[in-house]
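Each remark here refers to the structure printed beneath this line.
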Amino acid sequence: MTALLSEKTISGPVMYAKEITKTYGDKTVLHGVSAQVLEGQVLTLVGPSGSGKTTLLRTFNRLEEPTSGEILLDSKPLGKRSRSDGGYGDDVQQLRLDQQRIGFVFQSFNLFPHMSAAENVWHAPVRVKRENKAEAVGRAHELLGRVGLADQADQKPATLSGGQQQRVAIARALAMRPRLLLFDEPTSALDPEMTSEVLRTIQGLAEEGVTMVIVTHEMAFARRVSDRVVVMEAGRILEEGTAEQIFSHPEHERTRRFLSSLE
Amino acid sequence: MQFDPEFFTESLFSPSAPFLRGLMMTVAVSVISMTLALFVGLLVAMMARSRFFALRTVAGLYVWILRGTPLLVQLVLLYMGFSAAGIFAFETVSIAGISIAGAVQAAVVALTLNESAYVAEIVRSGLETIPKGQVEASQILGMTAISTMRWVILPQAIRTMVPPLGNTFNQLMKNTSILSVIGVQEMFLMTQSISSATFRTFEIFCVAALYYLLLTTIWTVIQWYIERHYNHKVGLPYEIPLVSSTVRVLRSGRAGLARSPREETPKEVLTP
Chain A
1 MTALLSEKTI SGPVMYAKEI TKTYGDKTVL HGVSAQVLEG QVLTLVGPSG SGKTTLLRTF
61 NRLEEPTSGE ILLDSKPLGK RSRSDGGYGD DVQQLRLDQQ RIGFVFQSFN LFPHMSAAEN
121 VWHAPVRVKR ENKAEAVGRA HELLGRVGLA DQADQKPATL SGGQQQRVAI ARALAMRPRL
181 LLFDEPTSAL DPEMTSEVLR TIQGLAEEGV TMVIVTHEMA FARRVSDRVV VMEAGRILEE
241 GTAEQIFSHP EHERTRRFLS SLE
Chain B
1 MQFDPEFFTE SLFSPSAPFL RGLMMTVAVS VISMTLALFV GLLVAMMARS RFFALRTVAG
61 LYVWILRGTP LLVQLVLLYM GFSAAGIFAF ETVSIAGISI AGAVQAAVVA LTLNESAYVA
121 EIVRSGLETI PKGQVEASQI LGMTAISTMR WVILPQAIRT MVPPLGNTFN QLMKNTSILS
181 VIGVQEMFLM TQSISSATFR TFEIFCVAAL YYLLLTTIWT VIQWYIERHY NHKVGLPYEI
241 PLVSSTVRVL RSGRAGLARS PREETPKEVL TP
């Protein structure tokens, strides 16, 4: 088996989000939120709808531009290049390179409908990273095998079930050999019977030590898979801790209420 | 009523050489102008989406003027107006041994300009049908704006563009008849000259109408297959009108007459 992720480079957090604020007009959806994820860890963001967890996740690869605050990937500011005066400035090219190192899995899959499952997976490695095509195609099939879709490699997304599409999307993210994977409610658009196959796939990745940040409403899954859990409410962190702490001994009354409301 | 059936059938089934030359001219000018208009229209649509205000403005003016004035006026202005004002005149040129009359060049340029404005609008609205998630998915894979357009947006948008593009090509083919005013020897002008030479106006224009109908019908069928191609590309079914249902009827008819051996084999035999 080839390594799923790129080599370790630095000890310390793979990603550190520092005092992220996000406002839309006069509405503030994130109030200076900080979070970090360590090598090999799984961090889950939970909380009621509208608490800002998806927005926070989307700032991690700057799909959503934070109004203020900083994202560090391997201790370097995401999408910025050092300037001669010692500071950092925005750099489009650097942002593209950094984004390639952060896998993202969308709630609505967002596969490319005109490409087969395999092509979805090898397209970016070949066209963006200029990898050897034969090798990338081979790896695409290997990754599809890993997510249990070896037989579906030539299918177009429209002919796949939601759960299958989401697993292709996971393979597509892995094909870039990311430093970490971000999941935005990966099962919210799925029927219950398809949810479990996707969750099993994600859990498999967690067991292999893939660094991940997951936004989810599946509490049993979050409890099983997380090293750290962040509970958000109204754009702020309500509580943070290990899965055991959060789910068995939540400190905050509102965390307890939120968790019991889902049972 | 005066109708010469002999002249009619002869003109329809073994048309004279001048008529056929006119037909070929109509087809050639249509296909060349449409092909060029696709490229120019795509370029204008891209300019309309540019970050730069100047490019967006130029694209906006281009579409505004060319869609807002009649093709006939554009054509006469280009071919006769410009040369009358001493700005520019189309002259006969010879490419690879074929001499191309100035009027034909002007016709191709005018049709291309006019058509490209419509193509630009079709491309613009086609691009807007692609969900934002496709752009985001490209972005997180590190794709540049240009490669996102090339590999993700355009290949999908083409599917929604084919029906309106086919429609405007259909119109373009019929609009070639106005090229007769600047003396392009296409099918309409040839029909007119046959009419004035034979006085069989009704018969020969019926023949011309049938040939225009034939051209647009052939195009309609080609368009079905193009639409099917792009539907299959995104894994969607496509029913070709008449053909698909006929094929189905023929297939099921055959299956009904003689069952294939596999269908007769009992299921128990297949599963050990």
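Residue numbers (UniProt numbering), protein chains in the order written: chain A, 1 to 263; chain B, 1 to 272. Glycine included, each C-beta is placed from N, C-alpha and C at the ideal position. Remember, it's a predicted structure, so these values are computed and weren't measured experimentally.
CB contact below 7 Å: residue i versus chain B
i, result
"residue 189 of chain A", "no"
"residue 99 of chain A", "yes"
"residue 49 of chain A", "no"
"residue 159 of chain A", "yes"
"residue 120 of chain A", "no"
"residue 96 of chain A", "yes"
"residue 174 of chain A", "no"
"residue 141 of chain A", "no"
"residue 250 of chain A", "no"
"residue 73 of chain A", "no"
"residue 260 of chain A", "no"
Minimum C-alpha distance to residue i - residue among the options
i, options, result
"residue 91 of chain B", "B:85, B:106, B:98", "B:106"
"residue 170 of chain A", "A:53, A:76, A:143", "A:143"
"residue 185 of chain A", "A:194, A:218, A:164, A:177", "A:218"
"residue 262 of chain A", "A:26, A:49, A:42, A:28", "A:49"
"residue 190 of chain A", "A:72, A:44, A:181, A:109", "A:109"
"residue 227 of chain A", "A:31, A:211, A:29, A:43", "A:43"
"residue 175 of chain B", "B:69, B:162, B:51, B:30", "B:30"
"residue 91 of chain A", "A:102, A:62, A:156", "A:62"
"residue 68 of chain B", "B:163, B:121, B:6, B:215", "B:121"
"residue 161 of chain A", "A:204, A:111, A:60", "A:111"
"residue 66 of chain A", "A:75, A:52, A:74", "A:52"
"residue 210 of chain A", "A:101, A:135, A:20, A:253", "A:101"
Contact set for residue i: own chain, Cβ-Cβ below 8 Å, skip 5 residues either direction
i, result
"residue 256 of chain A", "250"
"residue 274 of chain B", "As shown, chain B starts at 1 and ends at 272. That puts residue 274 of chain B outside it, with no answer to give."
"residue 87 of chain A", "none"
"residue 272 of chain B", "Unreliable positioning characterises residue 272 of chain B in this predicted model, as indicated by a pLDDT of 38, which lies under 50. A coordinate reading is not provided."
Contact test: residue i Cβ vs the ligand ADP heavy atom, cutoff 6 Å
i, result
"residue 206 of chain B", "This structure lacks the ligand ADP, and indeed carries no ligand of any kind."
Host alpha helix (DSSP H) of residue i (start-end)
i, result
"residue 37 of chain B", "17 to 48"
"residue 36 of chain A", "Residue 36 of chain A -> not in any alpha helix (DSSP H); beta strand (DSSP E) instead, spanning 27 to 38."
"residue 102 of chain A", "Taken as a continuous stretch (DSSP letters only), residue 102 of chain A belongs to no alpha helix (DSSP H), being part of the beta strand (DSSP E) at 102 to 105."
"residue 143 of chain A", "133 to 146"
"residue 91 of chain B", "Residue 91 of chain B -> no alpha helix (DSSP H), and no H or E assigned at all."
"residue 226 of chain B", "201 to 233"
Beta-carbon contacts of residue i that lie in its chain and below 7 Å, excluding the five residues immediately before and after
i, result
"residue 202 of chain B", "3"
"residue 109 of chain B", "78"
"residue 70 of chain A", "18, 77"
"residue 172 of chain B", "30, 33, 34, 111, 115"
"residue 55 of chain A", "22, 29, 30, 64"
"residue 277 of chain A", "Missing from the structure shown is residue 277 of chain A; chain A here goes from 1 to 263 and no further."
"residue 262 of chain B", "With a pLDDT of 48 at residue 262 of chain B, under the threshold of 50, the modelled position of that residue is not reliable, and the figure given next carries that caveat. If we look at residue 262 of chain B and ignore the five residues flanking it on each side, it has no Cβ neighbours."
Terminal residues of the beta strand (DSSP E) in which residue i lies
i, result
"residue 15 of chain A", "13 to 24"
"residue 83 of chain A", "Segment: none, residue 83 of chain A is in no beta strand (DSSP E) and carries neither H nor E."
"residue 69 of chain B", "Run containing residue 69 of chain B: none; DSSP gives neither H nor E here."
"residue 212 of chain A", "212 to 215"
"residue 230 of chain A", "228 to 233"
"residue 184 of chain A", "180 to 184"
"residue 99 of chain B", "98 to 100"
"residue 46 of chain A", "42 to 46"
"residue 236 of chain A", "236 to 242"
"residue 163 of chain A", "Residue 163 of chain A -> not in any beta strand (DSSP E); alpha helix (DSSP H) instead, spanning 162 to 174."
"residue 204 of chain A", "Here residue 204 of chain A belongs to no beta strand (DSSP E); instead the alpha helix (DSSP H) covers 192 to 207."
"residue 72 of chain A", "68 to 73"
Residue-chain proximity (residue i, chain A), Cβ-Cβ < 7 Å
i, result
"residue 143 of chain B", "yes"
"residue 152 of chain B", "yes"
"residue 237 of chain B", "no"
"residue 136 of chain B", "yes"
"residue 126 of chain B", "no"
"residue 155 of chain B", "yes"
"residue 132 of chain B", "no"
"residue 162 of chain B", "no"
"residue 140 of chain B", "yes"
Proximal residues to residue i (C-beta, below 6 Å), its chain only, five neighbours per side dropped
i, result
"residue 177 of chain B", "188"
"residue 138 of chain B", "148, 152"
"residue 94 of chain A", "79, 81"
"residue 221 of chain A", "199"
"residue 107 of chain A", "184, 185, 188, 189"
"residue 231 of chain A", "46, 47, 238, 239, 255"
Chain D residues whose Cβ lies nearer than 7 Å to that of residue i
i, result
"residue 196 of chain B", "The structure shown has no chain D; the protein chains it does contain are A and B."
Check: At a cut of 8 Å, does the segment 168 to 181 of chain B reach the segment 99 to 117 of chain A through at least three beta carbon pairs?
Finding: The segment 168 to 181 of chain B is not in contact with the segment 99 to 117 of chain A.
Checklist line | At least three beta-carbon pairs within less than 8 Å, the segment 11 to 21 of chain B to the segment 182 to 200 of chain B | finding: Yes, the segment 11 to 21 of chain B is in contact with the segment 182 to 200 of chain B.
Check: Counting Cβ pairs, one atom from each stretch, are 3 or more of them under 8 Å apart for the segment 242 to 250 of chain B and the segment 44 to 63 of chain B?
Finding: At 8 Å Cβ cutoff, the stretches do not touch.
Margin query: Is it the case that the segment 71 to 87 of chain B contacts the segment 124 to 143 of chain B, given that we only count it when at least three CB pairs across the two stretches are under 8 Å?
Written below: Because the criterion of three Cβ pairs below 8 Å is not met, the segment 124 to 143 of chain B and the segment 71 to 87 of chain B do not touch.
Notebook entry, point to check: Does the segment 158 to 174 of chain A come within contact of the segment 31 to 41 of chain A, defined as at least 3 CB pairs closer than 8 Å?
Noted result: As far as the Cβ criterion goes, the segment 158 to 174 of chain A does not touch the segment 31 to 41 of chain A, which means the pair count is below three.
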